[in-house]
Amino acid sequence: MEALFSFDFSTLFTLENMFAIIFGTLFGLLVGALPGLGATIGIALLLPVTYTMDPLPSVILLISVYMASEYGGSISAIVLGVPGTAAAVATTLDGSPMAKQGFPGKALAYSLTASTIGGFAGGIVLMTLTIPLSKLTIRFSDPEFVLLGILGLVCVASLSSKDIPKSILSVLFGLLFSLIGQDSLVGFPRFTFGSLTLLSGISYVPLIVGMFAFSEVYLMLGGDLNKRYVTDKKNLKTKITWKEFKNVWKNILRGSIIGSLTGILPGLGGGPASWFAYTEARRTAKNPENFGKGEPNGIAAAEAANNATVGGAMIPLLTLGIPGSPSTAVILGALMIQGIQPGPMVFLRSPDLINGIFWGLIFSVFAMYFIGKYTTSLWARMLTIPNYALIPIVLIAAYIGAYSKDLNIVDVWIAIIAGVIAYLMRKLNYSLPAFILAFILGPLIETGMRRSLMLSSGSLSIFIERGYSLTILIIIILMLGSQIYTKGIKNIIDNPQKINKGV
Amino acid sequence: MSYKRATYISLVVCSAIAVMFYIKSLELPSTSTGATFGPSAFPQLLSALIVIFSIISFVLTKREEDEKLTFENMKYVIFTIILTVGFTLLWQLFGTIYGMFYLLLFLFLTTLLFIYNQAKNSSQKVFIAIGVSVVLTSSVYIVFERLLKIVFN
Chain B
-9 MEALFSFDFS TLFTLENMFA IIFGTLFGLL VGALPGLGAT IGIALLLPVT YTMDPLPSVI
51 LLISVYMASE YGGSISAIVL GVPGTAAAVA TTLDGSPMAK QGFPGKALAY SLTASTIGGF
111 AGGIVLMTLT IPLSKLTIRF SDPEFVLLGI LGLVCVASLS SKDIPKSILS VLFGLLFSLI
171 GQDSLVGFPR FTFGSLTLLS GISYVPLIVG MFAFSEVYLM LGGDLNKRYV TDKKNLKTKI
231 TWKEFKNVWK NILRGSIIGS LTGILPGLGG GPASWFAYTE ARRTAKNPEN FGKGEPNGIA
291 AAEAANNATV GGAMIPLLTL GIPGSPSTAV ILGALMIQGI QPGPMVFLRS PDLINGIFWG
351 LIFSVFAMYF IGKYTTSLWA RMLTIPNYAL IPIVLIAAYI GAYSKDLNIV DVWIAIIAGV
411 IAYLMRKLNY SLPAFILAFI LGPLIETGMR RSLMLSSGSL SIFIERGYSL TILIIIILML
471 GSQIYTKGIK NIIDNPQKIN KGV
Chain F
32 MSYKRATYIS LVVCSAIAVM FYIKSLELPS TSTGATFGPS AFPQLLSALI VIFSIISFVL
92 TKREEDEKLT FENMKYVIFT IILTVGFTLL WQLFGTIYGM FYLLLFLFLT TLLFIYNQAK
152 NSSQKVFIAI GVSVVLTSSV YIVFERLLKI VFN
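Sequence order for the protein chains is B and F.
Here our numbering is used: position 78 in the first sequence is 68, and no number is missing along the way.
If you count the second sequence from 1, you need to add 31 to reach our numbering.
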């Protein structure tokens, strides 16, 4: 913690870092506001920009996009009633009615204030938990990392799609495709089909770009291509009074805590966090009947939560090197391109970078607040771009994003194929986050498992010998148990007749 | 198309891919020197699990009520995929010629914008498509080639 405050801020206040924060915030607000895009696609589209940058500004740039897009999603949710991101769906419930009552600026002010406090809270959780956790995780060895990888996959498989078997299949395919290339332990080529390009495996940046951005383009094509949202530019001044703030601060605080903790769990992110916070706000409200009719507490809780997830989601990435969401997976990619492997050792090797990321996140919240406050009407106006013009812009940005990591046209082919497959997967309720996280965690799980079994001469007892691994294993079992229990209860509630008849 | 039928087809494809990986993994050494868990073990385990979960998903899908799976504006989706593939192929073939990427990009964007725009006035559509494509192609050149030094040949 001492290092945190003895950080040399002059390394943060450079022209490049400030540009990264401001540009990232502007871009994040834009992709957040445009319906259909959002944090993951926004971060993936900006990834090529980071290749020529230093490590700190490149990560700060992507974090700023992540942070701002979470607030940006609420702009279209409130002004149009169309959530810009999945995380803003809960915001629509009260934000849109308040806007229709003639107070869009007020609704946006609640959203911006809550997003700012949520973002700070997430940042503080990140700062306070990361260092102690890294001191713990530095003691971890292969069995613990294997089990943590499995824990991440259990979480993401059970929470990221309504169809659990298809989520599990997505995980299994992610793991299987991660094995393509040279075996990391003995160097044997696997499933390369004689291709030299596949020897180094499938590059995951074009895979993510293809799966998220290309498939989103195909889904956007399914809508009205000439759709041009009409926005009312009146009453967009984002300002709330102290009295109004006092009315919502408890739910902002509650949403911030819920969001920070939810962000740590793999596979969740802003969408579920905002729903948890919204539900909790309504449950504890004196006037729950007002929710859905323009209740400020509904907006505040949801928006605080989705911004708080940003800091929370960075915790497993920095302490373990394990991304908990597609957005942090792209940030992991940016770090690895810079030659930095996140995990416990990064705290010893690059403490300035870590502290820079911490403070950079906090400053990105400041930037989001000030830029968001004065440019909201601009983003509302950007919503008038018709889809027929927006789609080619997103398509070509994704295309270049896939190519520019290694300047390799094979990556473009990977992105195109991945996009088509992901489009079909989304139509059939397979889980893209589950696939991507499994793809990234695959080598860690397989290599760790094989090394562990080598050490134990094939005995699985190595996974329960140490207290750390045993604890993680118990958490996995509890997670699985709670999922089976919850699904079982839901099944009984949904189909009581079938159960009674023994069907 | 029926959602159930589409799911069944996808599960058959999943199982077929898993079987293919399983067969390919038989060519790999089952154990390596000093290891009890060779390069073939993990892929074989995963392939088997994929087949098992495909069967589970098949059974559970069969129990559910069917719904219609809609692919809205499918002609645009297919057109976009074909055009993207064509653009990439041409770039791969002629990309070594300096500036060819930008010419192809301009044509690619103009075609997309013209086809996507639902306005009835054709001359207006052409004007908008060319105008927007010129702006976008120039932006790609300035941002990526000049500022970020990413070359496309």
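Note that the Cβ used here is the ideal one computed from N, Cα and C, for glycine as well.
Identity of the residue in the options nearest residue i by Cα
i       : options                            : result
G200(B) : I430(B), L414(B), F425(B), I406(B) : I406(B)
G329(B) : S317(B), L343(B), G171(B)          : L343(B)
Y34(F)  : F137(F), F102(F), E58(F), I81(F)   : F102(F)
S168(B) : P341(B), T118(B), T437(B)          : T437(B)
T476(B) : A294(B), G164(B), S148(B)          : S148(B)
M335(B) : L159(B), F130(B), P45(B), V400(B)  : F130(B)
M8(B)   : G28(B), A29(B), I53(B), L37(B)     : I53(B)
E206(B) : L138(F), V108(F), S88(F), V90(F)   : V108(F)
V176(B) : M444(B), M304(B), L397(B)          : M444(B)
T374(B) : L20(B), F3(B), S0(B), L5(B)        : L20(B)
W265(B) : A275(B), I254(B), G249(B)          : G249(B)
L414(B) : S190(B), L209(B), I465(B)          : L209(B)
F3(B)   : L46(B), T42(B), L37(B)             : L46(B)
Y133(F) : E98(F), Q155(F), I181(F), I86(F)   : I181(F)
S164(F) : F337(B), L380(B), I466(B), G191(B) : L380(B)
T119(F) : M32(F), A49(F), F183(F), T38(F)    : F183(F)
I383(B) : F(-3)(B), I31(B), L166(B), L16(B)  : I31(B)
L255(B) : K233(B), I158(B), R244(B), P313(B) : P313(B)
R180(B) : G69(F), A37(F), E95(F)             : G69(F)
S169(F) : Q155(F), L138(F), S153(F)          : L138(F)
Beta-carbon spacing of residue i, residue j below 7 angstroms
i       : j       : result
G302(B) : V115(B) : yes
N296(B) : A263(B) : yes
V79(B)  : P87(B)  : no
L422(B) : Q149(F) : no
M57(B)  : V300(B) : yes
L102(B) : T228(B) : yes
A294(B) : A104(B) : yes
I50(B)  : V320(B) : no
G284(B) : Q91(B)  : yes
G95(B)  : I68(B)  : no
T309(B) : T127(B) : yes
I65(B)  : S354(B) : no
S246(B) : G108(B) : yes
Y364(B) : E134(B) : no
L91(F)  : P155(B) : yes
T120(B) : I347(B) : no
V144(B) : M469(B) : yes
R441(B) : D153(B) : no
L27(B)  : G391(B) : no
T333(B) : G350(B) : Inspection of the sequence shows that residue 333(B) is occupied by Gly rather than by Thr. It is not a contact, given that the beta carbons lie outside the stated cut-off.
G113(B) : I352(B) : yes
Anticipated Cβ contact below 8 angstroms, residue i with residue j, distance rounded
i       : j       : result
G14(B)  : E60(B)  : In fact, because the Cβ distance is near 13 angstroms, the residues do not count as touching under 8 angstroms.
S46(F)  : V82(F)  : 5 angstroms
L418(B) : S41(F)  : 5 angstroms
S71(F)  : L59(F)  : 4 angstroms
N241(B) : A298(B) : Incorrect: roughly 12 angstroms between the Cβ atoms, too far for contact.
G142(B) : L427(B) : 6 angstroms
A89(B)  : A77(B)  : The Cβ separation is near 18 angstroms, so there is no contact.
I192(B) : I170(B) : 6 angstroms
I462(B) : L123(B) : Actually they do not touch by this definition, with Cβ atoms about 13 angstroms apart.
Strand pairing of residue i, partner residues [DSSP]
i       : result
G282(B) : In DSSP, G282(B) forms no bridge with anything.
G171(B) : R180(B)
S85(F)  : None, per the DSSP bridge assignment.
K99(F)  : S33(F)
**Request:** With 8 angstroms as the C-beta to C-beta threshold (strictly closer), list the residues of the stretch 118 to 136 of chain F near chain B in chain order.
**Result:** For the stretch 118 to 136 of chain F, which is checked against every Cβ of chain B, the residues closer than 8 angstroms are T119, W122, Q123, G126, L136.
**Item:** chain F contacts from the stretch 128 to 154 of chain B (Cβ-Cβ distance under 9 angstroms)
**Value:** The residues in question are D153, I154.
**Request:** Below 8 angstroms between beta carbons is the criterion; list the residues of the stretch 415 to 447 of chain B that meet it against any residue of chain F, in chain order.
**Result:** Residues are counted here when their Cβ sits less than 8 angstroms from a Cβ of chain F; for the stretch 415 to 447 of chain B these are K417, L418, Y420, E436, M439, R440, L443, M444, S447, given in chain order.
**Message:** Beta carbons nearer than 7 angstroms to chain B: which residues of the stretch 32 to 55 of chain F have them?
**Reply:** Taking 7 angstroms as the Cβ-Cβ cut-off against chain B, the residues of the stretch 32 to 55 of chain F that qualify are A37, T38, S41, C45, F52, K55.
**Request:** Mind checking the stretch 76 to 94 of chain F against chain B and listing, in chain order, the residues whose C-beta falls within less than 8 angstroms of any C-beta there?
**Result:** For chain B, the residues of the stretch 76 to 94 of chain F that bring a beta carbon within less than 8 angstroms of one of its beta carbons are L77, S78, L80, I81, F84, S85, I87, S88, L91, in chain order.
**Prompt:** Listed from N- to C-terminal order along the chain, which residues in the stretch 34 to 52 of chain B have their beta-carbon within a distance smaller than 9 angstroms of any beta-carbon of chain F?
**Reply:** Of all residues in the stretch 34 to 52 of chain B, P38, V39, Y41, T42 have a Cβ within less than 9 angstroms of some Cβ in chain F.
**Item:** chain B contacts from the stretch 104 to 116 of chain F (Cβ-Cβ distance under 7 angstroms)
**Value:** Listed in chain order, the positions of the stretch 104 to 116 of chain F with a beta carbon within less than 7 angstroms of a beta carbon of chain B are N104, Y107, V108, T111, I112, T115, V116.
**Contact set between the stretch 343 to 363 of chain B and chain F, restricted to residues whose Cβ is under 9 angstroms from the partner** = Cβ contacts with chain F: none found.
**Request:** Note down, in chain order, all residues in the stretch 167 to 181 of chain B with a beta-carbon under 8 angstroms from any beta-carbon belonging to chain F.
**Result:** Within the stretch 167 to 181 of chain B, the residues whose Cβ lies closer than 8 angstroms to some Cβ of chain F are L169, D173, L175, V176, F178, R180, F181, listed in chain order.
**Message:** At a CB distance below 9 angstroms, what residues from the stretch 141 to 154 of chain F approach chain B? Give them in sequence order.
**Reply:** Those would be L143, L144, I146, Y147, N148, Q149, A150, in chain order.
**Prompt:** Residues in the stretch 365 to 386 of chain B with C-beta within 9 angstroms of chain F's C-beta atoms, listed in sequence order?
**Reply:** Answer in chain order: P376, N377, Y378, A379, I381, P382, I383, L385, I386.
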